[in-house]
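What follows is a single structure, written as structure tokens, with notes after it.
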Amino acid sequence: MPELAEVEFYRKQWSPGISKMVKRVHVHPDARIFREADPEIIQKQLKGKLLLDSHAHGKKLLFCFSGDIWLGIHLGMSGSMQVTIPEMVPARHDHLVLKMDSCTLVLMDPRMFGKVLFHQGKESPVWWSNLPAQPQDEAFDKAYFLSILKRFPRKSLKGLLLEQEVFPGIGNWMADEILWQARIHPALTGGELTSYRKNKLFACIKSVCEISLKIIGTEWGDPPETWLFQNRWKRGGICPVSGKPLEYETIAGRTTCFSPAIQK
DNA sequence: CCCCATGTTCGACA
DNA sequence: GTGTCGAACATGGG
Numbered sequence: 041m042p043e044l045a046e047v048e049f050y051r052k053q054w055s056p057g058i059s060k061m062v063k064r065v066h067v068h069p070d071a072r073i074f075r076e077a078d079p080e081i082i083q084k085q086l087k088g089k090l091l092l093d094s095h096a097h098g099k100k101l102l103f104c105f106s107g108d109i110w111l112g113i114h115l116g117m118s119g120s121m122q123v124t125i126p127e128m129v130p131a132r133h134d135h136l137v138l139k140m141d142s143c144t145l146v147l148m149d150p151r152m153f154g155k156v157l158f159h160q161g162k163e164s165p166v167w168w169s170n171l172p173a174q175p176q177d178e179a180f181d182k183a184y185f186l187s188i189l190k191r192f193p194r195k196s197l198k199g200l201l202l203e204q205e206v207f208p209g210i211g212n213w214m215a216d217e218i219l220w221q222a223r224i225h226p227a228l229t230g231g232e233l234t235s236y237r238k239n240k241l242f243a244c245i246k247s248v249c250e251i252s253l254k255i256i257g258t259e260w261g262d263p264p265e266t267w268l269f270q271n272r273w274k275r276g277g278i279c280p281v282s283g284k285p286l287e288y289e290t291i292a293g294r295t296t297c298f299s300p301a302i303q304k
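Note that the numbering used here has the first sequence beginning at 41, numbered continuously upward.
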């Protein structure tokens with residue numbers, strides 16, 4: 041489910057636990073999301089620690105605990121995070137549960153395409169270093185954006201926007217939204233764009249990220265009615281700009297929704 | 001039963 | 001090296 045705005049929303053879900061102590065930890069030891077990390081070690085190490093801080097970068101999350109403990113979370117396709125009452129009882133998909141005096145922090149993920157990383161040490165973990173600029177960052181400016189297009193001149197723009205190495209946090213619906221707002225066909229390549237269209241694309245990347253973060257990232261609100269987002273989920277959807285039918289095609293390996301009437 | 005899903009990774013192949 | 005494609009992962013919803 042989560043792209044950068046949803047990831048930011050979920051990060052904040054655990055904020056009620058900041059500066060509180062982890063009293064008890066429940067894990068599902070066999071859950072695939074722990075991957076190479078050892079859930080028993082995570083359980084043992086987190087107990088008695090204070091949650092200090094949290095950060096999001098693209099689709100990645102970092103939670104810092106006292107005792108130089110660092111917890112990384114990637115929500116994959118179906119992961120989510122919640123805060124709930126102290127008495128909650130972990131259910132089938134609640135793979136990591138942190139019990140505090142006044143609340144419980146829950147990480148759930150039915151499909152388990154997500155990932156949990158664990159690190160102990162003074163220095164921040166290697167998997168949280170050398171992170172590329174995010175589209176919503178100031179460092180992600182037009183010159184940087186143009187250099188990306190130059191670097192991948194023949195890759196479809198849909199596929200390029202999904203590259204987490206260059207557009208961290210952008211996922212399937214955001215990529216479609218950006219290209220639709222920019223009136224650019226998703227199978228076009230960066231090399232095929234006029235400089236006018238490159239500028240337009242850059243502006244749409246910035247505004248879709250910014251508005252999504254504001255609306256979804258804080259309150260999980262719905263994006264504006266005028267967005268493709270509101271029309272794409274139901275098959276047989278109609279482009280809110282042209283009034284013509286939306287089309288669904290697999291591009292770069294993902295279902296892509298676009299409006300042939302306005303995206304050339 | 002079928003098909004689909006807001007993600008990532010890996011191997012095969014042109 | 002580039003890019004594309006399909007499969008795999010595991011579960012639930014329509």
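For every residue, glycine included, the Cβ atom is placed at its ideal position computed from N, Cα and C.
Residues bridged to C104 (per DSSP): D93, W110
- request: Output the distance between the C-alpha atoms of E80 and D70, rounded to the nearest integer angstrom.
  value: 10 Å
message: Can you give me the C-alpha to C-alpha distance between G277 and L286, rounded to a whole angstrom?
response: 6 Å
field: Closest residue to H97 among P208, T290, T229 (Cα-Cα distance)
entry: P208
- request: Hey, could you find the ends of the beta strand (DSSP E) R223 is sitting in?
  value: Careful: R223 lies outside any beta strand (DSSP E) and carries neither H nor E.
query: Which parts of the stretch 50-98 are runs of the alpha helix (DSSP H), unbroken and 4 residues or longer, counting only runs that do not cross its ends?
result: 79-86
field: Euclidean distance between Cα positions of L86 and V62
entry: 7 Å
field: Reference M152; option with closest CA among F158, I73, I125
entry: I73
message: Pull the bridge partners of T144 from the DSSP assignment, please.
response: T124, K139
- prompt: Comparing alpha-carbon positions, which option in F103, K190, E203, F105 lies nearest G231?
  reply: K190
query: Is the Cβ-Cβ distance between L202 and L219 less than 9 Å?
result: no
message: Starting from Q200, trace the alpha helix (DSSP H) in both directions and tell me its first and last residue.
response: The amino acid occupying residue 200 in the given sequence is Leu; Gln does not appear at that position. Here the alpha helix (DSSP H) through L200 covers 197-201.
task: Could you check the C-alpha separation between V166 and S299 for me, to the nearest Å?
output: 42 Å
message: Could you tell me the alpha carbon to alpha carbon distance between A131 and L253, rounded to whole angstroms?
response: 30 Å
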